[in-house]
Amino acid sequence: MPSPLPTQTQFVLDPNWSLWVIIYFWLGGIAAGSYFTAALAQLIGGDCHRAIIRTAHLIAFPLVSICSILLIVDLYRPERFWHMVIQSETYLPMFKWWSPMSVGAWALLIFGAFSAASFLNSLWELGIRLPFGNFMNALHHGWIGTIFNFLGSFFGFFIASYTGVLMDTSNQPIWSDQGFMGALFLASAASTGVAATYLLTPKNVETEEGLGELNGFDRWAMILELAIIVIFFIALGAALSSIVLTSIYGLILVFGVAVLGLIVPLLLHRFAGHARWVMYVAPALVLVGGFLLRYVMVMMPHHI
Amino acid sequence: MANAKGFFTDTTVCIGCKACQVACHQWNQLPTNSAFALTGASYDNTLTLDAYNWRHVKFIEQFPDTRAADAGRWLMMSDCCKHCVHAGCLEVCPTGAIIRTEYDTVYIQQDVCNGCRNCVAGCPFGVVAMDHVSGTAKKCTLCYDRLQNGLTPACAQACPTGSILFGDVQDLLTRARARVDQLHSQGRTAAYLYGDSADIVGGLNVFYLLEDKPEVYGLPSNPRLPSRNLWPSSGLSILTAAIVALGAFLNFRSRRLARPNANPNA
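Note that the protein sequences, when read in sequence, are chains A and B. Basically the working numbering = 1-based index in the first sequence + 3. Basically the working numbering = 1-based index in the second sequence + 10.
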């Protein structure tokens with residue numbers, strides 16, 4: 004029986020994922036994006052990007068740690084957070100490959116371990132000698148380092164995208180009415196992760212060339228993100244897209260995320276790329292756009 | 011499942027007395043909503059299923075603005091969890107708190123649920139709701155405790171008109187189809203069963219006899235499982251990751267090509 008409604012998810016309840024989840028999606032994206040960027044830079048470009056890679060590693064682990072706290076705080080029963088990975092009655096591992104939240108909980112644990120190892124290695128390289136620093140340093144070099152970076156980039160990509168797949172894999176309006184949320188969040192993780200790394204990397208002669216390459220990669224990610232936003236609306240269909248675009252959330256998505264967070268930084272790099280202030284303003288705008296994207300996507304289904 | 015238990019709800023004989031709601035509240039010791047209020051929009055003041063209303067009698071008041079005496083009608087439907095054969099809530103629950111019982115019903119273990127609300131997002135019917143006092147997800151249990159003691163669920167026992175029939179799902183289906191045939195023979199040709207076939211999330215153990223479109227009763231005509239998007243979304247994410255990696259390759263390769271033996275010392 005055909006439905007007269009533009010979506011079959013009109014009757015569901017709001018899960019009330021709060022600001023904690025929105026911030027987690029944002030910071031988790033930055034952490035994952037900066038980490039897989041560092042891993043790819045190491046794998047492809049070699050050690051000539053060490054200063055940038057160090058910065059990315061120093062960003063990723065603290066943010067992932069904050070993310071873990073945010074996720075626990077968001078639970079209505081935070082003391083039961085461990086039920087995500089351990090069965091409370093049998094104490095056996097709790098894992099459902101078909102549930103993105105279950106897989107994501109495990110992936111977050113593993114990604115946390117990778118980012119912690121890289122964080123300790125970066126401190127070691129900076130001369131801060133913490134326990135196991137030497138071992139962590141060994142993990143990042145030679146063939147072991149190649150495997151480590153390959154696996155690290157895999158889990159980085161996973162953390163960057165699973166939150167979007169989690170939203171797609173629901174029955175919420177808009178979230179489940181297309182299939183591009185995972186792709187969109189991954190592209191946004193790339194743009195925001197690179198932006199954070201670019202923002203915090205020391206600007207000097209040693210890093211100048213690497214920052215230029217990082218900038219080129221950021222442009223690639225931003226253009227990809229813009230393309231996916233367009234595809235997102237096409238996938239939603241005319242009826243839902245018109246509802247979204249005529250709402251405050253649609254306006255934020257278009258003007259806050261696409262224009263302010265992507266197009267303006269791209270134009271700044273294109274026409275004023277040599278100005279020093281652009282090095283700070285453009286990535287800051289990308290980060291703001293990344294937050295607005297998560298805010299809009301989480302809030303939209305039940306507030307339009 | 012051969013032993014599946016469920017409800018057949020015949021909306022054509024529901025009189026909206028809400029005895030089922032009261033019985034559900036009493037047996038399950040559910041509190042009333044903290045602030046009693048009249049909605050002003052309907053004779054029904056419960057309005058929706060939630061953590062404290064595991065059963066809800068919907069009043070669908072179809073009256074024209076003219077209030078012409080012969081133009082309107084009441085539709086009433088006693089609603090609850092559908093105990094889907096393929097349940098969206100059970101599918102996405104990351105803790106294993108939601109289980110399928112020996113009666114093929116869907117049950118939330120209150121001592122396991124950690125309040126992540128993924129089941130709320132996954133239920134296509136808007137049944138599962140959060141209890142802000144216990145911090146856990148709640149819904150109809152199909153009186154699991156009563157079933158274990160050979161009793162009929164409280165709502166079905168209390169229903170004075172036989173609108174809610176409890177029993178083995180296969181037996182209920184036979185009775186339901188006979189009831190549809192009976193109504194059709196009486197000229198009520200709009201009557202049909204909702205949730206009796208596997209087309210709707212594998213079939214509903216709690217299914218309905220309706221006389222209008224599902225949406226009129228607040229039911230989706232084509233409810234689906236959350237997992238329908240799992241592989242497409244994952245595939246698109248992998249494709250995006252490949253494009254991102256290609257971007258990294260194109261931008262980070264230049265100096266490696268220029269200086270293949272660059273000193274790696276950090």
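Glycine residues also receive a C-beta, built at the ideal position from the N, C-alpha and C atoms. Just so you know, these numbers come straight off a predicted model, no measurement behind them.
- When A:284, A:126, A:12 and A:35 are compared, the shortest CA-CA separation from residue 136 of chain B is found for A:12.
- Cα atoms of residue 128 of chain A and residue 62 of chain A: separation of roughly 15 Å, rounded to the nearest angstrom.
- Close CB contacts of residue 295 of chain A within its chain, under the 7 Å cut and outside five residues either way in sequence, are with 255, 259, 260 and 264 (chain order).
- Around the beta carbon of residue 149 of chain A, fewer than 16 other beta carbons lie within 10 angstroms, which makes this residue exposed.
- If you compare the alpha carbons of A:52, A:91, A:180 and A:162 with that of residue 104 of chain A, the shortest gap goes to A:162.
- Taking C-beta atoms under 8 Å as the contact rule, residue 210 of chain A and residue 54 of chain A qualify, at a distance of about 5 Å.
- At a beta-carbon threshold of 8 Å, the residues of chain B lying near residue 101 of chain A are 101, 237 and 240, ordered along the chain.
- Residues 106 of the same chain have their beta carbon placed closer than 8 Å to that of residue 100 of chain A, with the five preceding and five following residues left out of the count.
- Taking C-beta separations shorter than 8 Å and ignoring five residues to either side along the sequence, the partners of residue 154 of chain B in its chain run 111, 113, 115 and 117, following chain order.
- In this structure, the straight-line span from the alpha carbon of residue 29 of chain B to that of residue 165 of chain B is close to 7 Å.
- 165, 167, 168, 169, 170, 171, 172, 173, 174, 175 and 178: these are the residues of the stretch 165-178 of chain A whose beta carbon lies less than 9 Å from some beta carbon of chain B, given in chain order.
- Between the alpha carbons of residue 220 of chain B and residue 174 of chain B lies a distance of about 13 Å.
- The count of Cβ pairs closer than 8 Å, one atom from the stretch 232-248 of chain A and one from the stretch 169-180 of chain A, reaches three, so the stretches are in contact.
- Following the DSSP letters along the chain, one finds residue 84 of chain B inside the beta strand (DSSP E) bounded by residues 83-89.
- Residue pairing by DSSP places residue 67 of chain B opposite B:88 in a beta bridge.
- The Cβ atoms of residue 21 of chain A and residue 131 of chain B lie no closer than 7 Å to each other.
- When C-beta atoms of the stretch 86-103 of chain B are compared with those of the stretch 130-138 of chain A, fewer than three pairs fall below 8 Å, so the two segments do not count as touching.
- Going by beta carbons, residue 39 of chain A and residue 159 of chain A fall inside the 7 Å limit.
- Secondary structure note for residue 140 of chain B: its beta strand (DSSP E) is the uninterrupted segment 139-141.
- Put simply, of A:272, A:83, A:168 and A:56 the residue whose alpha carbon is nearest the alpha carbon of residue 223 of chain A is A:272.
- Within the model, the alpha-carbon separation for residue 73 of chain A versus residue 84 of chain A is close to 11 Å.
- It is roughly 20 Å from the alpha-carbon of residue 50 of chain A to the alpha-carbon of residue 157 of chain A.
- At a Cβ-Cβ threshold of 7 Å, residue 120 of chain A and residue 142 of chain A count as neighbours.
- In the DSSP annotation of this structure, residue 258 of chain A is not part of any beta strand (DSSP E), being labelled neither H nor E.
- Between residue 99 of chain B and residue 235 of chain B, the alpha-carbon positions lie close to 9 Å from each other.
- For the set A:35, A:251, A:108 and A:166, the Cα lying nearest the Cα of residue 306 of chain A is the one of A:251.
- When Cβ-Cβ separations below 7 Å define contact, residue 209 of chain A makes no contact with chain B.
- Counted as a single uninterrupted DSSP element, the beta strand (DSSP E) harbouring residue 108 of chain B occupies residues 108-110.
- For residue 96 of chain A, the three-state secondary structure derived from DSSP is strand.
- For residue 17 of chain B, the enclosing beta strand (DSSP E) begins and ends at 15-20.
- For residue 174 of chain B, the enclosing beta strand (DSSP E) stretches over residues 174-178.
- When C-beta distances to chain A are compared with 9 Å, the residues of the stretch 121-139 of chain B below that value are 121, 122, 123, 124, 125, 126, 127, 128, 129, 130, 131, 132, 133, 134, 135, 136, 137, 138 and 139, in chain order.
- In the structure shown, residue 184 of chain B adopts helical secondary structure according to DSSP, grouped into three states.
- For a Cβ distance threshold of 8 Å, nothing in chain A lies close to residue 82 of chain B: the least Cβ distance comes to about 21 Å.
- In this structure, residue 125 of chain B lies near residue 146 of chain B, with their beta-carbon atoms less than 7 Å apart.
- Contacts with chain B (Cβ-Cβ distance below 8 Å) from the stretch 9-32 of chain A involve 11, 12, 13, 14, 15, 16, 17, 18, 19 and 20, listed in chain order.
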